[in-house]
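Engineer:
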Amino acid sequence: MNINWFKYSSPQTFYPLAGRMIPWFAWAASIFAVIGLYISFFIAPTDFQQGEAYRIIFVHVPAAWMSMFIYMVMAGWAALGLSLNARLPAMMAQALAPTGAIFTLLALVTGSFWGKPMWGAWWVWDARLTSELILLFLYLGFIALQSSIDDPRKADKAGALLALVGVVNVPIIYFSVKWWNTLHQGSTISMGAAPKMVTTMLLGMLLMALAFWMYTIAVALMRVRCIMLERERASDWVKEQALSVGGNT
Amino acid sequence: MQWSSWSAFFNMGGYAFYVWFSFGLTALWLVWEVLALRKRSAVALNLAKLLAQDK
Chain E
0 MNINWFKYSS
10 PQTFYPLAGR
20 MIPWFAWAAS
30 IFAVIGLYIS
40 FFIAPTDFQQ
50 GEAYRIIFVH
60 VPAAWMSMFI
70 YMVMAGWAAL
80 GLSLNARLPA
90 MMAQALAPTG
100 AIFTLLALVT
110 GSFWGKPMWG
120 AWWVWDARLT
130 SELILLFLYL
140 GFIALQSSID
150 DPRKADKAGA
160 LLALVGVVNV
170 PIIYFSVKWW
180 NTLHQGSTIS
190 MGAAPKMVTT
200 MLLGMLLMAL
210 AFWMYTIAVA
220 LMRVRCIMLE
230 RERASDWVKE
240 QALSVGGNT
Chain R
0 MQWSSWSAFF
10 NMGGYAFYVW
20 FSFGLTALWL
30 VWEVLALRKR
40 SAVALNLAKL
50 LAQDK
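Line order of the protein sequences matches chains E and R. Okay, so the first sequence: first residue is 0 according to numbering that gives the first Met the number 0, each after it adds one. Okay, so the second sequence: first residue is 0 according to numbering that gives the first Met the number 0, each after it adds one.
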């Protein structure tokens with residue numbers, strides 16, 4: 000099958016396409032979340048060391064995974080936008096940043112709510128926690144930098160450079176528990192080794208991660224549509240789009 | 000099933016505050032993000048409509 004990618008890379012063709020994709024991802028996210036939450040609370044057994052407090056990991060770990068994963072995808076789009084000098088990839092990077100920032104903040108806050116009862120401290124300056132906090136600052140820096148430059152194309156370029164430089168932080172977060180002696184526990188699930196946890200716990204975590212993933216795609220598509228409307232409000236396709244939808248003026 | 004009663008479920012083995020705060024905050028932020036984006040889209044479409052009718 001020969002797909003003309005350049006056709007879909009223009010905002011006026013991508014806008015309706017994204018609109019048709021959103022409900023599918025939203026439904027997938029809801030279904031995964033319902034099954035994932037059911038397993039997290041009713042099937043997964045009580046942890047013999049941590050009691051019920053461990054159930055926080057069913058949001059904490061998927062949120063932390065997404066915070067790193069979204070950053071990599073965002074940097075990928077930014078690199079593509081920079082090298083092709085194209086609008087759509089840069090808009091995709093811009094659309095992902097706030098959702099990435101939300102997941103980073105969620106990972107930090109839920110981690111803190113797990114740390115208080117388990118470690119006795121809301122926060123420690125541990126390598127894992129500190130590098131995750133730097134990730135939050137990178138997201139916020141990217142958003143602030145883009146919104147501080149009036150010319151959108153220049154903003155795209157500056158943002159892309161910041162996003163790419165920041166990529167160095169992601170492996171630091173990931174390997175921090177190996178490289179340094181951290182209070183944060185090592186990875187329970189790692190590539191190439193059998194997971195050190197009960198299957199139902201693992202299943203709950205994976206389903207929640209899938210739910211967050213589908214949610215991220217749906218929300219990023221919603222946001223990229225907003226960005227397209229805002230940036231190209233003077234163009235004919237946006238005017239047609241605006242006139243074709245009803246509603247009050 | 001892990002729970003003897005609903006009150007045991009809500010109590011979360013004494014960690015109710017930490018567990019429910021984590022899940023509640025996650026749900027709240029994600030729902031807020033969707034609602035904020037719906038609003039943003041409606042505002043952008045409205046503005047584009049005004050611009051289109053202007054000429």
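Glycine is no exception: its CB is placed at the ideal position from the N, C-alpha and C atoms. Computed from a predicted model, the values in this text were never measured in an experiment.
Could you spell out the range, first to last residue, of the alpha helix (DSSP H) harbouring HIS59 of chain E?
Structural biologist: That run of the alpha helix (DSSP H) goes 56 to 83.
Engineer: With a CB to CB cut of under 6 angstroms and the five nearest residues on each side skipped, what residues in its chain are close to TRP23 of chain E?
Structural biologist: Nothing meets the Cβ criterion.
Engineer: Taking DSSP as the reference, what is the three-state secondary structure of GLY50 of chain E?
Structural biologist: DSSP places GLY50 of chain E in strand when its eight states are reduced to three.
Engineer: Under the three-state reduction of DSSP, which class applies to MET196 of chain E: helix, strand or coil?
Structural biologist: Note: MET196 of chain E maps to coil in three-state DSSP.
Engineer: Mind checking which residues open and close the alpha helix (DSSP H) that includes GLY23 of chain R?
Structural biologist: Where GLY23 of chain R is concerned, the enclosing alpha helix (DSSP H) stretches over 15 to 53.
Engineer: For the alpha helix (DSSP H) that SER146 of chain E lies in, which residues bound it at each end?
Structural biologist: Its alpha helix (DSSP H) spans residues 126 to 147.
Engineer: What residues from chain R crowd round MET204 of chain E, counting only those whose CB sits closer than 9 angstroms?
Structural biologist: Result: empty, since nearest Cβ-Cβ is about 14 angstroms, beyond 9 angstroms.
Engineer: Might you give, ordered along the chain, the residues of its own chain that have their beta carbon closer than 8 angstroms to the beta carbon of LEU104 of chain E, omitting 5 neighbours on each side?
Structural biologist: For LEU104 of chain E, where only same-chain residues beyond five positions count, the Cβ hits under 8 angstroms are LEU135.
Engineer: Count Cβ pairs between the stretch 234 to 243 of chain E and the stretch 29 to 39 of chain E that sit closer than 8 angstroms; are there 3 or more?
Structural biologist: Segments in contact, no.
Engineer: I need the DSSP call for GLU229 of chain E, collapsed to helix, strand or coil.
Structural biologist: It is helical.
Engineer: Since MET207 of chain E and PHE57 of chain E should fall inside the 8 angstroms C-beta cutoff, what is the C-beta to C-beta distance between them, to a whole number of angstroms?
Structural biologist: With a Cβ gap of about 5 angstroms, MET207 of chain E and PHE57 of chain E count as contacting.
Engineer: Assuming TRP121 of chain E contacts SER130 of chain E (C-beta within less than 8 angstroms), just tell me the rounded distance between them.
Structural biologist: Actually they are not in contact, since the Cβ atoms of TRP121 of chain E and SER130 of chain E sit about 18 angstroms apart, beyond 8 angstroms.
Engineer: 8 angstroms is my cut-off, CB to CB: does LYS177 of chain E come that close to chain R?
Structural biologist: Judged by the 8 angstroms Cβ criterion, LYS177 of chain E is not in contact with chain R.
Engineer: For ASP155 of chain E, does the three-state DSSP call read helix, strand or coil?
Structural biologist: Three-state result, ASP155 of chain E: helix.
Engineer: Determine contact between the stretch 206 to 225 of chain E and the stretch 7 to 27 of chain E, defined as no fewer than three beta-carbon pairs at a distance below 8 angstroms.
Structural biologist: These segments touch.
Engineer: Inspect the beta-carbon positions of ALA162 of chain E and ALA106 of chain E and report whether they are closer than 8 angstroms.
Structural biologist: Taking 8 angstroms as the Cβ cut-off, ALA162 of chain E and ALA106 of chain E do not qualify as a contacting pair.
Engineer: How many angstroms separate the CA atom of LYS177 of chain E from the CA atom of PHE20 of chain R?
Structural biologist: When rounded, the distance between both Cα atoms is 30 angstroms.
Engineer: Can you check whether the C-beta of SER4 of chain R is within less than 8 angstroms of a C-beta belonging to chain E?
Structural biologist: So, not an interface residue.
Engineer: For SER175 of chain E, count neighbouring Cβ atoms within 10 angstroms of its own Cβ and tell me buried if that reaches 16, exposed if not.
Structural biologist: Buried, by the Cβ-count rule.
Engineer: Verify the CB distance criterion: does PHE20 of chain R have a CB-CB separation below 8 angstroms to chain E?
Structural biologist: Cβ-Cβ to chain E under 8 angstroms: yes for PHE20 of chain R.
Engineer: Could you have a look at VAL33 of chain E and say whether DSSP puts it in helix, strand or coil?
Structural biologist: Residue state, collapsed to three classes: helix.
Engineer: List, in order along the chain, the chain R residues whose C-beta lies closer than 8 angstroms to that of HIS59 of chain E?
Structural biologist: SER21, listed in chain order.
Engineer: State the start and end residues of the unbroken alpha helix (DSSP H) segment that holds THR109 of chain E.
Structural biologist: Where THR109 of chain E is concerned, the enclosing alpha helix (DSSP H) stretches over 86 to 118.
Engineer: On the three-state DSSP scale, how would you describe GLN1 of chain R?
Structural biologist: GLN1 of chain R falls in the coil class under three-state DSSP.
Engineer: Note down the Cα distance separating LEU254 of chain E from ASN180 of chain E, rounded to an integer number of angstroms.
Structural biologist: No information on residue 254 of chain E is available, as it lies outside the stretch 0 to 248 that chain E covers here.
Engineer: Using a Cβ-Cβ cut-off of 7 angstroms (strictly less than) and excluding sequence neighbours within five positions of LEU49 of chain R, which residues of its own chain qualify?
Structural biologist: So the list is empty, once near-sequence residues are dropped.
Engineer: I need the DSSP call for ASN180 of chain E, collapsed to helix, strand or coil.
Structural biologist: In the structure shown, ASN180 of chain E sits in coil (DSSP, three-state: anything other than H, G, I, E or B).
Engineer: Determine the DSSP secondary structure at THR12 of chain E, reduced to helix, strand or coil.
Structural biologist: In the structure shown, THR12 of chain E sits in a helix (DSSP, three-state: H, G or I).
Engineer: Given this structure, state the Cα-to-Cα distance separating ARG224 of chain E from ASP125 of chain E, to the nearest angstrom.
Structural biologist: Distance between the alpha carbons of ARG224 of chain E and ASP125 of chain E is about 39 angstroms.
Engineer: Taking only the alpha-carbon atoms, compute the straight-line gap between THR109 of chain E and ALA85 of chain E and give it to the nearest angstrom.
Structural biologist: Answer to the nearest angstrom: the Cα atoms are 37 angstroms apart.
Engineer: Along the chain, where does the alpha helix (DSSP H) that runs through SER186 of chain E open and close?
Structural biologist: No alpha helix (DSSP H) holds SER186 of chain E; DSSP gives it neither H nor E.
Engineer: What's the C-alpha gap between LEU36 of chain E and GLY203 of chain E?
Structural biologist: Going from the Cα of LEU36 of chain E to the Cα of GLY203 of chain E covers about 7 angstroms.
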